[in-house]
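In my numbering, each number is its position in the sequence shown, counted from 1, plus 1. Ideal Cβ placement from N, Cα and C applies to all residues, glycine included. Reading through the structure tokens given below for one structure.
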Amino acid sequence: MSDDRGMAVVGAGLVGSLMALLLANRGHKVDVYERRADPRKVGDAAGRSINLALSERGWKALELAGAVDAVRSIAMPVKARCMHALDGTLTYQPYGLPGKGRFGHDQCIYSVARGPLNRILMESAEATGLVSVHFEHPLADFQAKDGGLNLSFKGGKSARHQRMFGTDGAFSAVRQRMMKSDRFDFSQSYLAHGYKEVAMPPNSAGDFAIDPEALHIWPRGHFMLMALPNPDKTFTCTLFAPYEGDQGFDSIPDAEAARDYFHEHFPDVLDLVPDFDRDWNQNPTSSLVMTRCNPWHQGEHVVLMGDAAHAIVPFYGQGMNSGFEDARVMADLLDAHGGSPDESAWPSLMTEFTQLRKQNGDAIGDLALRNFIEMRDRTGDPRFLLQKRIERRLTNLHPDQWKPLYSMVTFSHLPYSEALALGQIQDGIMQEVMDRPDIEAQWDSDEVEQHALRLAADRLPTAPVSS
Ligand SMILES: Cc1cc2nc3c(=O)[nH]c(=O)nc-3n(C[C@H](O)[C@H](O)[C@H](O)COP(=O)(O)OP(=O)(O)OC[C@H]3O[C@@H](n4cnc5c(N)ncnc54)[C@H](O)[C@@H]3O)c2cc1C
């Protein structure tokens with residue numbers, strides 16, 4: 002199993018499987034070590050989100066890996082946010098521009114099921130003939146020795162490799178080992194909120210119970226419900242609420258109390274979830290953790306990516322996408338050396354990876370937290386919805402001069418840190434525009450449009466249109 006010169010990937014989740022495929026595509030022999038049993042034999046592990054929003058950064062990495070067609074076959078286009086007010090009123094906000102999407106249709110995000118996506122990536126990697134996945138191999142420790150790495154696993158097995166990619170998730174064992182080395186920074190914090198999932202099955206006609214081309218949000222101030230469609234015509238509904246206090250999980254002791262909670266806050270949902278009690282009782286209330294660390298590499302042998310390097314809250318739909326972008330950037334760095342760098346090139350390659358990715362991991366962490374506040378507090382606010390309408394009008398009329406932050410994050414490849422900086426400037430501009438006394442009557446006038454464009458020309462360092 003061990004090869005002194007081969008690559009080790011620790012963690013066969015989404016990012017590890019993709020990284021293994023990208024390495025194999027460049028001719029590397031790869032051993033992947035995964036803590037869990039083979040999901041093809043024991044079924045997918047419960048306890049993680051069932052479906053995920055895949056967007057442009059993720060697609061670009063999948064394209065480089067040659068996995069777009071396979072993933073597209075399980076991906077559902079989601080074209081808009083649909084906000085559900087307490088009185089049942091629906092408000093739609095399209096995600097992107099008409100006709101500008103990756104596959105020729107409207108710009109949109111895609112809902113993909115975690116298990117099948119993971120399987121496609123893992124099996125594509127195995128199909129290269131260069132990747133072996135070793136299940137039930139939880140990494141316990143590693144040591145750099147004699148120009149290579151000695152890996153040890155719980156249960157006593159060991160292996161030796163030249164290089165190791167730590168893709169073992171938010172509670173990474175690779176990172177925990179790195180934390181014992183000098184000058185390694187690490188921070189971790191939990192959101193005060195947790196989440197619980199319930200399934201919305203197809204309706205009696207066998208069709209989706211609500212609009213399948215939208216991500217549904219029931220914003221209720223400091224808590225919210227979200228629903229994302231699945232190809233089997235179900236929706237996964239996720240309640241995000243504080244653990245403690247007002248409307249918190251601790252105020253919902255059982256399924257009956259949960260029904261009352263849903264009746265009060267999401268009255269249009271309960272009738273569509275017939276197995277509510279079963280789901281409520283069976284599904285865990287899971288926590289949301291954020292981590293940061295620096296550097297993302299250790300010497301020339303070990304590197305972290307995905308959640309192992311930067312666990313973020315899920316509210317921008319970018320955790321997996323940013324992890325896929327990490328893998329794509331690493332592959333680009335390898336390609337700069339013909340796919341297989343010389344020994345002497347690895348130290349600078351690893352340093353460059355941290356330099357390129359760390360600031361962007363931090364930026365998407367900040368953006369995701371901000372988007373949580375926007376989704377739960379502001380998507381129900383008429384003033385915020387008006388601001389979004391004005392921004393959308395600007396983008397439609399002047400796509401070269403105004404690109405919304407959401408689009409920069411979701412539909413472009415602009416580094417997250419640049420998107421964050423440009424978004425902050427745009428936010429200042431929009432606050433000034435929104436403060437006009439005539440804004441509600443004049444929001445779609447030439448005057449408001451020119452006002453915003455003048456401020457943009459003055460303040461934005463470069464037109465935020467690159468991709
Ligand atoms: C509720 C929720 C919703 C989300 N929605 C989205 C979304 O819409 N879009 C999006 O882009 N992202 C989303 N995310 C984030 C996304 O799930 C993660 O960013 C993504 O799973 C990270 O992939 P990864 O491969 O880095 O880590 P993981 O998926 O956690 O995989 C890590 C793997 O390592 C294995 N492992 C762990 N420890 C060891 C060990 N010691 N030895 C060997 N193997 C080990 C694990 O078993 C696992 O297979 C969401 C997250 C949550 C919680």
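task = Measure the C-alpha to C-alpha separation of P254 and D276 and round it to an integer number of angstroms.
result = Going from the Cα of P254 to the Cα of D276 covers about 18 Å.
State buried or exposed for D343, treating a residue as buried only when at least 16 other CB atoms are found within 10 Å of its CB.
-> exposed
* Compute the Euclidean distance between the alpha carbons of H266 and A259, then round it to the nearest angstrom. => 10 Å
Examine the Cβ distances between the segment 219-227 and the segment 237-244 and report whether three or more of them are shorter than 8 Å. yes
- Task: Report all residues from its chain with a CB closer than 6 Å to the CB of L98; omit the five preceding and five following residues, and keep chain order.
- Result: Q108
In this structure, how does DSSP classify Y244 when only helix, strand and coil are distinguished? coil
_Helix, strand or coil at H135 [DSSP, three-state]_ = strand
On the CB-based measure, 16 or more other CB atoms within 10 Å of its CB, does A47 come out buried or exposed? Reliability of the predicted coordinates at A47 is poor, the pLDDT of 49 falling under 50, and the value obtained from them is presented with this limitation in mind. Exposed, because fewer than 16 other Cβ atoms sit within 10 Å of the Cβ of A47.
* To do: In angstroms with no decimal places, state the Cα-to-Cα distance between Q402 and E392.
  => Distance between the alpha carbons of Q402 and E392: 11 Å.
Could you tell me whether any non-hydrogen atom of ligand 1 is closer than 7 Å to the CB of A13?
yes
Practice problem: Output the boundary residues of the alpha helix (DSSP H) element that contains M353. | Solution: Going by the sequence as given, residue 353 is Glu instead of Met. Start and end: 347-374.
With 16 as the cutoff for other CB atoms within 10 Å, does T292 come out buried or exposed?
buried
- prompt: Would you say I440 and A457 are within 8 Å of each other, going by their C-beta atoms?
  reply: Taking C-beta atoms as the reference points, I440 and A457 fail to come closer than 8 Å.
- Query: Once you ignore the five residues that flank F412 on each side, which residues in its own chain have a CB closer than 6 Å to its CB?
  - Reply: E57, G97, Q108
Just tell me which of L335, K155, A442 has its CA closest to the CA of N140.
-> Strictly speaking, residue 140 in this sequence is Leu, with Asn absent from that position. Residue K155 is the option with its Cα nearest to L140.
- Message: Can you give me the C-alpha to C-alpha distance between D70 and A337, rounded to a whole angstrom?
- Response: If I take the Cα positions, the gap works out to 26 Å.
Apart from the five residues just before and just after K158, which ones in its own chain have a Cβ nearer than 7 Å to its Cβ?
-> Result list for K158: H138, in chain order.
Below 8 Å between beta carbons: does that hold for N1 and N52? For residue 1 there is no data in the structure shown, the boundaries of the chain being 2 and 468.
Requested in this report: Indicate the three-state DSSP secondary structure (helix, strand or coil) for R58 in the structure shown.
Outcome: Three-state DSSP puts R58 in a helix.
**Q.** For S467, the three-state DSSP class (helix, strand or coil)
**A.** A caution first: S467 carries a pLDDT of 46, below 50, which makes its placement in the model unreliable, though a value can still be read off. Coil, per DSSP.
Apply the 10 Å Cβ neighbour rule to E450 and answer buried if 16 or more other Cβ atoms are within range, or exposed otherwise. buried
Check your understanding: For ligand 1, is there a heavy atom less than 7 Å away from the beta-carbon of T239?
Key -> yes
| message | I'd like to check one pair, G381 with M84: are the Cβ atoms closer than 8 Å? | response | yes
Any chance the segment 201-218 sits against the segment 171-190, with 3 or more Cβ pairs inside 8 Å? no
With which residues is L297 paired in a DSSP beta bridge? The sequence given here places Trp at residue 297; Leu does not occur at that position. BP columns for W297 are empty, so no partner.
Per DSSP, which one or two residues make a beta bridge with Q144?
-> Under DSSP, Q144 forms a beta bridge with N151.
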